[in-house]
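Quick notes on the structure that follows.
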Amino acid sequence: MRVFSEIGSYFLLMYRVFSRPEKTRIYWRQLVLEIEKLGIHSLGIVAIISVFMGGIITLQLTYNTSSPLMPTYLIGLGNRDTLILEFSCTVLSLMMAGKVGSNIASEIGSMRVTEQIDSLELMGVNSASFLILPKIIAVVFISPILFILSVFCGIIGGLIAGPLSGVVTVAEYMGGIKTAFVPFFVTFSIIKTLVFGFLIATVPAYLGYNVQGGALEVGRASTRSVVSTSILILFFDLILTQLLFK
Amino acid sequence: MIEIKNIKKSFENRPILKDVTTLFEKGKTNLIIGQSGSGKTVLLKSIVRLIEVDEGEILFDGRDIRKMNFNDLKKLRQEMGMVFQGGALFDSLTVAENVRFPMDMFTSMSAGEKNKHVDFCLDRVNIKGAHHLNPSEISGGMRKRVAIARAIALNPKYLFCDEPNSGLDPVTSILIDNLIKEITVEFDITTLINTHDMNSVMEIGDNILFISNGENGWEGNNTQVLFTRNKKLNEFIFASPLSKRIRDLRQREDDE
Chain E
1 MRVFSEIGSY FLLMYRVFSR PEKTRIYWRQ LVLEIEKLGI HSLGIVAIIS VFMGGIITLQ
61 LTYNTSSPLM PTYLIGLGNR DTLILEFSCT VLSLMMAGKV GSNIASEIGS MRVTEQIDSL
121 ELMGVNSASF LILPKIIAVV FISPILFILS VFCGIIGGLI AGPLSGVVTV AEYMGGIKTA
181 FVPFFVTFSI IKTLVFGFLI ATVPAYLGYN VQGGALEVGR ASTRSVVSTS ILILFFDLIL
241 TQLLFK
Chain B
1001 MIEIKNIKKS FENRPILKDV TTLFEKGKTN LIIGQSGSGK TVLLKSIVRL IEVDEGEILF
1061 DGRDIRKMNF NDLKKLRQEM GMVFQGGALF DSLTVAENVR FPMDMFTSMS AGEKNKHVDF
1121 CLDRVNIKGA HHLNPSEISG GMRKRVAIAR AIALNPKYLF CDEPNSGLDP VTSILIDNLI
1181 KEITVEFDIT TLINTHDMNS VMEIGDNILF ISNGENGWEG NNTQVLFTRN KKLNEFIFAS
1241 PLSKRIRDLR QREDDE
């Protein structure tokens, strides 16, 4: 029963979040700040992780699938499709759920326990919309950009690790990258990142907004937000893969 | 003027406010006093509808806040200012931005006019040279004063203060009390203060409502409170030997 109650509360909060903003100009300012805080500040970590993962995937593919029957250019192809189909959207979203999601839950939760949200409400501001809407737009907007950056960095990672370790030449690797490219894979993954971005912003925001108590509860909400968002990302990954590839 | 009639509120079948009825007058500092856990904060938050009560009427100059829809409630709240216990300043904004925030949200004033009004509000609470500081960089007393400045930024008709003296030294407490009193008279505001600070009771208690076990325990003013025969109120106000001695001395002075 509690699950249904939570789902109901979540949708009621979303109804308030998507109601008409009081002053659009102030929301724009908030949006720019959120894009910087949640998106731009994640570029570095996304790039670093993706370079390493691209390199690791390349080496794993080489060592675990090496066969005289398999052309080496397939290493590049394998790395590219792994990055596009799962790593740069799903795995990266799980990482973002940890970084951005916990940030959102703890920020909003702290505002709740220090009565800043009550203060906004008492001024006549729709606190749900004011605090959460810019975060949703920022994360949904930045997610496809991070996905593209991640794919690019992952391919670069493979390009560095493969030839450096001598398992594949640059020409073979790049040949694989260009082989049998399916543009729909990118569309599919961008749709996934948009859905995951929405979850990364809204689930932690919901948990933070409904914190009751003090610092301990804020910490709990932050942890819960990472766990819940990660499970939901994987659940929706399953659903979307089935729906979009059917 | 704020009138509350037969307010009742329970949490999980535990009654917190049993049946509270009173009148908070305009241009006066109306104090709600009582022991910790007596229901003061619940009453204050119920009046502004941050907590929904189970029964009763809450009338702001005749307008029942409980019957208002979301948009009407938003409009009424623009007539309110509130000073929360910890100040509730926005951490991400500077002192000046905190005071300007309500103006940014609800007025069409130019940037120059807003800055001028921010200066006026901060001057009014005796804060100078702290415009650019963050809330984490100022003292507790200053935070309370900034919160008052923000609360009066839109010239409210109703001012609510939840324990404005908590965590402050006696000198700063008196400054805050006097400031709230001055602002109440100057702007002709209906002010409600939640407190268990005895200095506040004696100094600025134009109207005092004593809440005891979620009910009206006693009502009166700061002169009457000293000589009341109400046992529970006496136990609350003259809890310390020092305050008892002060009462006896004052009574003796009056007799002479």
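Quick note, the sequences are listed as chains E and B, same order. Just so you know, the first sequence maps onto residues 1 to 246 in the numbering used here. Just so you know, the second sequence maps onto residues 1001 to 1256 in the numbering used here. Beta carbons are placed, not taken as given, at the ideal position from N, Cα and C, and that holds for glycine.
Between the C-alpha atoms of Ser-5/E and Gly-213/E there is a straight-line separation of about 20 Å. The shortest C-alpha to C-alpha distance from Phe-196/E to any of Glu-22/E, Phe-147/E, Leu-31/E is the one to Phe-147/E. Note that the C-beta distance between Arg-1150/B and Val-1099/B is below 8 Å. Residue range 1158-1162 is occupied by the beta strand (DSSP E) that includes Asp-1162/B. Interface annotation, Val-125/E: in contact with chain B, CB-CB separation under 8 Å. Using a Cβ-Cβ cut-off of 8 Å, Ile-45/E does not count as an interface residue toward chain B, since no Cβ of chain B sits closer than that to its own. In the assembly as shown, Thr-62/E is a buried residue. Its beta-carbon has 16 or more other beta-carbons within 10 Å. Comparing C-alpha distances from Met-111/E to each of Gly-208/E, Gln-30/E, Ile-233/E, Met-1/E shows the shortest one belongs to Gly-208/E. Counting of Cβ neighbours within 10 angstroms places Gly-109/E among the buried residues, the total reaching 16 or more. Nearest in C-alpha terms to Leu-1044/B, of all of Asp-1072/B, Asn-1069/B, Gly-1081/B, is Gly-1081/B. Interface annotation for the stretch 1046-1065 of chain B against chain E: Val-1048, Leu-1050, criterion Cβ-Cβ distance under 8 Å. Classified as buried, Ser-127/E has 16 or more neighbouring CB atoms from the shown chains inside 10 Å of its CB. By alpha-carbon distance to Glu-1137/B, the top candidate from Leu-1093/B, Thr-1191/B, Thr-1190/B is Leu-1093/B. DSSP places Ile-160/E in the uninterrupted alpha helix (DSSP H) bounded by 127-165.
Contact between Gly-76/E and Ile-177/E holds, with the beta-carbon distance rounding to 4 Å and staying under 8 Å. A Cβ-Cβ distance of about 11 Å is found for the pair Ala-1153/B and Met-1109/B, leaving them out of contact under the 8 Å criterion.
Contact annotation, Ile-1002/B with Thr-1190/B: C-beta distance approximately 6 Å; criterion of less than 8 Å satisfied.
Residues of the stretch 1086-1108 of chain B whose Cβ lies closer than 9 Å to any Cβ of chain E, in chain order: Gly-1086, Gly-1087, Ala-1088, Leu-1089, Phe-1090, Asp-1091, Ser-1092, Phe-1101, Pro-1102, Asp-1104, Met-1105, Phe-1106. Judged by DSSP secondary structure, Ile-56/E falls within the alpha helix (DSSP H) whose first and last residues are 43-65. Chain-ordered, the chain E residues with CB closer than 7 Å to the CB of Lys-1074/B read Gly-124. For Phe-1060/B, the enclosing beta strand (DSSP E) stretches over residues 1055-1060. The beta carbon of Met-53/E sits closer than 8 Å to the beta carbons of Leu-83, Phe-87, Val-91, Gly-154, Gly-157 from its chain, once the five residues preceding and following it are set aside; these are given in chain order. Annotation for Ser-1110/B: no beta strand (DSSP E) segment contains it, and DSSP assigns it neither H nor E. Runs of the beta strand (DSSP E) lying entirely within the stretch 179-243 of chain E, each at least 3 residues long, are absent.
Using a Cβ-Cβ distance cut-off of 8 Å, the stretch 1010-1027 of chain B and the stretch 1041-1058 of chain B are in contact, since at least three pairs of beta carbons, one from each stretch, lie closer than that value.
In the structure shown, Ser-1010/B falls within a strand segment according to DSSP collapsed to helix, strand and coil. Any Cβ of chain B closer than 8 Å to the Cβ of Lys-178/E would place that residue at the interface, and such an atom is absent. Within the stretch 64-92 of chain E, no residue has a Cβ lying closer than 7 Å to any Cβ of chain B. Each of Met-1198/B, Ala-1111/B, Glu-1215/B, Glu-1025/B was checked against the Cα of Asn-1234/B, and the nearest Cα belongs to Met-1198/B.
In the DSSP assignment, Ser-1212/B falls within the unbroken beta strand (DSSP E) covering 1207-1212.
With respect to Ile-1180/B, Pro-1164/B sits close: the two C-beta atoms are nearer than 8 Å.
Chain E has a Cβ within less than 8 Å of the Cβ of Arg-1077/B.
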